[in-house]
Amino acid sequence: MKQSEHNRRQFLKALGTTLCAGGASALLPQLKLMGSAVAATRAPVQDYRALVCVYLAGGNDSWNMLLPYDTARHGVYATARGGIYNATTNAAGLGIDRALLTSQFQITDAAGSGQYAVNPGNANYPTGMSDVANIYRENKLAFIANCGTLVRPITKTEYNATPSLRPPQLYSHNDQENLWHLARTSFANEGWGGLVADRVRLDNINQALSPCISLAGSNRFEVGLDTFPYQMSSSGLTGLSNIYNSSSSTGGQFGSQRAGALDLLLADTANPSLLTREYARTFKRGRDLYDLINSALTAADGSGNVTTVFPSGNSLADQLKMVARMIKISREDSGQIRHKRQIFYVRFGGFDLHDNLMSTATNGHGALLNRVSQALGAFWAALGEIGARNEVTTFTMSEFARTLSSNGNGSDHAWGGVQMVMGGAVNGGRLYGSFPDQALNNAISFSRGQTIPSTSVDQVAATLARWMGVTNTNDLNAIFPNLPNFASGNLGFMA
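Letter by letter, the sequence shown follows residues 0 to 494 of numbering that gives the first Met the number 0.
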């Protein structure tokens with residue numbers, strides 16, 4: 000079969016399935032893609048691949064997540080951070096004592112042999128980010144240093160002279176989160192995850208289930224032209240109360256009668272209101288998806304679960320456990336979902352630490368990063384359990400890093416920071432981008448250590464999009480309109 004004929008058949012199959020599942024309202028976004036879907040040269044998809052976005056909400060102080068270990072650069076870091084923190088003698092300092100960076104936290108950049116360390120936690124959370132360090136040493140995790148929102152590469156002189164070259168609303172939480180989700184600096188309704196899903200979803204067998212699945216509510220990142228995130232919680236799906244959600248679920252006394260009445264209402268096509276009829280179709284589709292997913296997750300043989308133990312009292316771990324379970328049932332060849340491409344979104348907050356950054360309590364930065372590390376470690380183990388490590392890439396996003404200098408008890412909004420990428424297909428064990436000089440007010444930073452990024456969100460996202468199968472230059476430039484402004488749209492951290 001010619002590739003163009005294959006594309007037509009795949010597109011028509013997906014279109015027909017979507018129309019049956021979603022009614023007339025699904026037609027317009029599908030038609031928007033018809034020209035490119037029919038004309039594009041797409042390689043047949045043979046394997047499963049998933050992206051898992053871990054959003055660290057509030058602006059993670061990532062310069063205390065990854066810090067230089069060699070004596071000279073650690074000294075510069077400590078000075079910029081107001082000295083080594085000591086609750087008695089230097090409560091305003093944000094620096095981490097080099098003596099605490101023992102071997103379990105130390106890592107080496109395989110590319111440049113630079114010495115670094117991850118956050119060591121504190122007396123109450125002594126394991127720090129050791130789980131992350133272990134995966135890094137397996138060469139399955141990489142750090143991307145000094146990345147952030149950019150229109151194009153910009154110097155400090157250009158920043159001061161030409162405000163239009165700066166990303167809009169640079170230090171605003173909401174605006175910068177949107178820019179990370181959109182991977183563009185102009186207004187848009189669609190996020191880069193959703194636009195990637197638009198282009199890679201045609202090989203998913205069950206088109207009624209979105210390739211974008213959120214464990215953290217609505218988000219712009221997963222919205223595409225014809226893709227909207229399917230939302231669920233870390234505990235699974237919530238069915239209708241006191242009613243059969245389907246023939247295979249219970250609804251208490253009179254549940255079947257209520258279900259029958261509801262089915263009659265949903266099947267009523269006499270109502271002239273297009274809105275009412277579309278609501279009925281959407282409602283029915285939701286019930287059908289509930290039955291499909293819930294029956295797979297709660298199968299009596301335990302096939303919808305994982306045996307890996309995730310840490311308790313950790314909301315990020317709870318979300319990632321459900322992601323692992325969804326990946327397990329979604330990639331099963333004999334199942335009813337049989338997706339080839341999926342994008343997940345999870346969220347973990349508490350990082351807006353203007354106060355108590357160095358606290359040893361549960362709301363301190365060390366405790367938050369310890370929970371992130373433990374959650375990622377358990378997720379990595381679960382992916383090993385289900386044989387999906389090479390097929391899943393997990394990455395972090397956060398609106399910005401924070402000032403190197405202290406505000407007295409914490410740090411304030413800044414710009415470029417550090418992100419992580421984890422997976423069997425990651426060229427790990429090294430840093431990508433450029434770890435900056437951390438002296439205050441230098442050629443690439445301002446008076447409080449707000450660092451101008453050397454790597455853009457667009458470059459990071461485009462590298463991940465390529466791995467998912469979006470390799471056409473026109474598609475990449477459509478999703479990431481600022482990408483041509485940068486030297487490379489592939490940072491090389493994916494195999």
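Every residue gets a Cβ at the ideal spot worked out from N, C-alpha and C, and that includes glycine.
In this text the structure is predicted, and so the values were computed from the model without any measurement.
Put simply, the stretch 105 to 120 does not touch the stretch 392 to 399. Fewer than three CB pairs are less than 8 Å apart. Between GLY235 and LEU296, the C-beta spacing is below 8 Å. In the same chain as ARG198, and ignoring 5 residues on each side of it, the C-beta atoms closer than 7 Å to its own belong to VAL469, ASP474, in chain order. Apart from the 5 residues on each side of it in sequence, VAL305 sits with its Cβ closer than 8 Å to the Cβ of LYS320, ALA323, ARG324, LYS327, ALA381, GLU384, ILE385 in its chain, given in chain order. Between ALA71 and SER404 the beta-carbon gap is near 20 Å, outside 8 Å, which marks them as no contact. Excluding five sequence positions before and after PHE104, the CB atoms of its chain that fall closer than 8 Å to its own CB belong to ALA116, VAL117, ASN118, PRO119, GLY127, MET128, SER129, ALA132, given in chain order.
Spanning the alpha carbons of ASN63 and ILE95 requires a straight line of approximately 8 Å. For LEU296, the enclosing alpha helix (DSSP H) stretches over residues 273 to 296. LEU55 is bridged by DSSP to PHE347. Along the stretch 132 to 183, the alpha helix (DSSP H) occurs as fully enclosed runs of 4 or more residues at 155 to 160, 172 to 181, listed in sequence order. DSSP places ILE443 in the coil class of the three-state scheme, outside both helix and strand. If you check the CB distance, HIS353 and GLY415 do not come in under 8 Å. Cβ contact annotation for ASN218 (same chain, cutoff 6 Å, sequence separation greater than five): TYR344, in chain order. The DSSP-derived three-state label of MET357 is coil. Residue pairing of VAL420 in beta bridges, as defined by DSSP: ALA141, PHE394. In terms of Cα proximity to ASN362, the closest of ASN313, GLY82, ASP317 is ASN313. Inclusion of TRP191 and THR148 in the CB contact set at 8 Å is not warranted, their separation being larger than that value. For LEU100, there is no enclosing beta strand (DSSP E), as DSSP marks it with neither H nor E. Ranking ALA196, VAL425, ALA207 by CA distance to the CA of THR281 puts ALA207 first. Residue TYR54 holds the alpha-carbon nearest to the alpha-carbon of GLU176 among TYR54, ALA86, MET231.
In terms of Cα proximity to VAL308, the closest of ILE451, PHE378, ASP46 is PHE378. For GLU398, same chain residues with a beta-carbon under 7 Å away, outside a window of 5 residues either side, are GLY58, HIS172, GLN175, GLU176, TRP179 in chain order. With respect to GLN437, TYR68 sits apart: the two C-beta atoms are not nearer than 8 Å.
Apart from the 5 residues on each side of it in sequence, GLY488 sits with its Cβ closer than 7 Å to the Cβ of GLN458, ALA461, LEU475, LEU482 in its chain, given in chain order.
Bounds of any beta strand (DSSP E) do not take in SER433, whose DSSP letter is neither H nor E. Bounds of the beta strand (DSSP E) holding LEU65 are 65 to 67. DSSP links TYR76 through a beta bridge to no other residue.
If the five residues before and after ILE292 are omitted, its C-beta is found closer than 7 Å to the C-beta atoms of LEU236, all from its own chain and listed in chain order.
Boundaries of the alpha helix (DSSP H) harbouring THR462: 456 to 467, taken from the DSSP string. Rounded to whole angstroms, the separation of the alpha carbons of LYS283 and PRO271 is 18 Å. By the neighbour-count criterion, in which 16 or more other beta carbons inside 10 Å mark a residue as buried, GLY422 falls on the buried side. Closest by C-alpha distance to ARG340, out of GLY432, ASN203, SER185, is ASN203.
Straight-line measurement puts the Cα of ARG183 at about 30 Å from the Cα of SER329. In the DSSP assignment, the residues bridged to SER213 are GLN230, TYR344. Per the DSSP secondary-structure output, THR107 pairs in a beta bridge with GLN114. Apart from the 5 residues on each side of it in sequence, ALA464 sits with its Cβ closer than 6 Å to the Cβ of VAL195 in its chain, given in chain order.
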